[in-house]
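Trainee: Got a structure here, written out as structure tokens. Questions coming.
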Amino acid sequence: GAVVSQHPSWVICKSGTSVKIECRSLDFQATTMFWYRQFPKQSLMLMATSNEGSKATYEQGVEKDKFLINHASLTLSTLTVTSAHPEDSSFYICSASKWQGAAEQFFGPGTRLTVL
Amino acid sequence: GDSVTQMEGPVTLSEEAFLTINCTYTATGYPSLFWYVQYPGEGLQLLLKATKADDKGSNKGFEATYRKETTSFHLEKGSVQVSDSAVYFCALRDKAAGNKLTFGGGTRVLVKP
Numbered sequence: 002g003a004v005v006s007q008h009p010s011w012v013i014c015k016s017g018t019s020v021k022i023e024c025r026s027l028d029f030q031a032t033t034m035f036w037y038r039q040f041p042k043q044s045l046m047l048m049a050t051s052n053e054g055s056k057a058t059y060e061q062g063v064e065k066d067k068f069l070i071n072h073a074s075l076t077l078s079t080l081t082v083t084s085a086h087p088e089d090s091s092f093y094i095c096s097a098s099k100w101q102g103a104a105e106q107f108f109g110p111g112t113r114l115t116v117l
Numbered sequence: 170g171d172s173v174t175q176m177e178g179p180v181t182l183s184e185e186a187f188l189t190i191n192c193t194y195t196a197t198g199y200p201s202l203f204w205y206v207q208y209p210g211e212g213l214q215l216l217l218k219a220t221k222a223d224d225k226g227s228n229k230g231f232e233a234t235y236r237k238e239t240t241s242f243h244l245e246k247g248s249v250q251v252s253d254s255a256v257y258f259c260a261l262r263d264k265a266a267g268n269k270l271t272f273g274g275g276t277r278v279l280v281k282p
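For the record, the sequence lines run as chains A and B. When we follow my numbering, the leftmost residue of the first sequence carries the number 2, and every step to the right adds one. When we follow my numbering, the leftmost residue of the second sequence carries the number 170, and every step to the right adds one.
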């Protein structure tokens, strides 16, 4: 149990376009979802934390107008990269926990975004 | 702020060899420590954890002991298998930092038959 999926697994887009990435908890309800970004050979960096029905809390240095996060249901969160540029190319990973403050996070497989 | 440092890979081993991946941390509070594993094409999975000093986490033959005096949480396995080939991430969760997970850079392990 506790499976998290992401869609798409990879996406290529042109500079200036917007891209939406979905994160779904398949067999549990996720009160809290997290979005991470991972550069090649680097750590996962937390971008934002979202609680169902609330606005996301963004980490310092993350542009909330560029990385729009929606957590409208207990099984779905979306990350939209608006007006994407080549420097936004990265590996985006989501995770979900069953309740706010829960110790364990369940991770999705990640989405590779390449902006041309 | 909190940080996690782990040895860079890739680490290439033969089957049945001994594996050690070093991990050290800095934290403002008293963190919980984790090892996650990511198999090819899959999401990160929790491998083991330890919540306080001197605790030993273990799972699937892997072990790590929470050493507060050396701020370390090294991962070990006595005899690796090809199926252990993956990327391993050390991480901490610090209540003083809002319970966020802070990850190390990951270590790729390749086990050859």
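By construction, the Cβ of each residue, glycine as well, lies at the ideal position given by its N, Cα and C atoms.
1) At 3 residues or longer, what runs of the beta strand (DSSP E) sit wholly inside the stretch 222 to 257 of chain B?
2) Would you say residue 45 of chain A reaches chain B, if we count a Cβ-Cβ gap shorter than 9 angstroms as a contact?
3) For residue 205 of chain B and chain A, any beta-carbon pair shorter than 9 angstroms?
4) Is the CB of residue 26 of chain A under 9 angstroms away from at least one CB in chain B?
5) Quick one: residues in its chain with C-beta nearer than 8 angstroms to the C-beta of residue 68 of chain A, no 5 flanking neighbours on either side, listed in chain order?
6) Mapping the DSSP letters down to three states, classify residue 103 of chain A as helix, strand or coil.
7) Indicate whether at least one CB of chain B lies closer than 9 angstroms to the CB of residue 109 of chain A.
8) Once DSSP output is grouped into helix, strand and coil, what is the label at residue 196 of chain B?
9) Based on the DSSP secondary-structure assignment, which residues constitute the bridge partners of residue 219 of chain B?
10) Nearest CA to the CA of residue 29 of chain A: which residue from A:4, A:23, A:72?
11) Starting from residue 268 of chain B, trace the beta strand (DSSP E) both ways and give me its first and last residue.
Mentor: The short version:
1) 225 to 228, 231 to 234, 244 to 246
2) yes
3) Residue 205 of chain B counts as touching chain A.
4) no
5) 36, 48, 49, 59, 80, 81, 82, 83
6) coil
7) yes
8) Per DSSP, reduced to three states, the secondary structure at residue 196 of chain B is coil, with no helix or strand assignment.
9) B:202
10) A:4
11) Run containing residue 268 of chain B: none; DSSP gives neither H nor E here.
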